[in-house]
Amino acid sequence: NAGANVINGGGGADKLSGFGGNDDYYVDNTGDKVVESSGQGQDRVWTSVSYAISAGSSIEVLGTTKDAGTTAINLTGNESAQTIQGNAGANVINGGGGADKLSGFGGNDIFVFNSALGNGNVDKVVDFNQDKIHLDDAIFAELKLGKLASDSFFAGNAAHDSSDHIIYNRSTGALSYDSDGTGGASQTQFATLSPDLSLTAASFFVT
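Residue numbers for the sequence shown, in this note's numbering: 162 to 368.
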């Protein structure tokens, strides 16, 4: 209803909808589908299994349940902006489209970037430590598959030669892609990390 509902589908692949209000959904099946329209409150999905928010569903928060412990749970957003929160396990976190806020909360996590770059699709990774960033070569087209080449990464305000494609601004935390290094194309920011990280090419993998 229009109130603040707590909805748990139990076993099986369920279709869940709160119809307004600030709702909390608990899912335990990858086939569960949460349906929320825009303007129907601030809604949260808590999961004990790997889960992806359905396209078109207006969910503000996707996170793991308190009892998830160190279970490796993969979390995927949709085209909208979400806050996505992992657990103490090794999570694979993909914000999808939109300006997302991503947190791994411990564990050696992987943050995936595989959606079209643009001003409205800059994710904030709030706790990047001994984690990895995976870049899709369909988006980051100038990068070679596998471990990011050391000469493709540069820490500074802008590329300093033609081979620099991933640029980390240590002062602001901005992480950007430059398709031609010092050529005429401008760099495009796709994420914000904490400033002054010991980020190197080894932090990245191209898929």
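Ideal placement from N, C-alpha and C gives every residue a C-beta, glycine not left out. Just so it is clear, the structure is predicted and the values come from calculations on it, not from any experiment.
- Rounded to whole angstroms, residue 278 and residue 350 show a C-alpha spacing of 8 Å.
- In the pairwise beta carbon analysis, the segment 326-346 is classified as touching the segment 355-367: at least three pairs are separated by under 8 Å.
- By the neighbour-count definition (other C-beta atoms within 10 Å, threshold 16), residue 321 is an exposed residue.
- For residue 295, DSSP records a beta bridge to 273, 366.
- For residue 169, the uninterrupted beta strand (DSSP E) segment begins and ends at 167-169.
- Checking the DSSP bridge columns, you'll see residue 301 has no partner listed.
- Annotation for residue 201: 181 place their beta carbon closer than 6 Å to its own, counting only its chain and skipping 5 residues before and after.
- CA-CA distance, residue 286 to residue 270, rounds to 11 Å.
- Around the CB of residue 243, 16 or more other CB atoms lie within 10 Å, so the residue is classed as buried.
- Here residue 296 really is in contact with residue 367; their C-beta atoms are around 5 Å apart, less than 8 Å.
- In terms of Cβ geometry, residue 188 and residue 205 do not form a close pair [threshold 8 Å].
- Here residue 283 is near residue 260, since their CB atoms are less than 8 Å apart.
- Residue 193 has its alpha-carbon roughly 15 Å from the corresponding atom of residue 217.
- Beta-bridge annotation (DSSP): residue 335 is paired with 353.
- Residue state for residue 313 is assigned as helix, using DSSP reduced to three classes.
- Classified as exposed, residue 311 has fewer than 16 neighbouring CB atoms from the shown chains inside 10 Å of its CB.
- Judged by DSSP secondary structure, residue 244 falls within the beta strand (DSSP E) whose first and last residues are 244-246.
- Per the DSSP secondary-structure output, residue 264 pairs in a beta bridge with 246.
- In terms of CA proximity to residue 166, 186 leads the group 226, 175, 186, 239.
- Note that the C-beta distance between residue 247 and residue 266 is below 8 Å.
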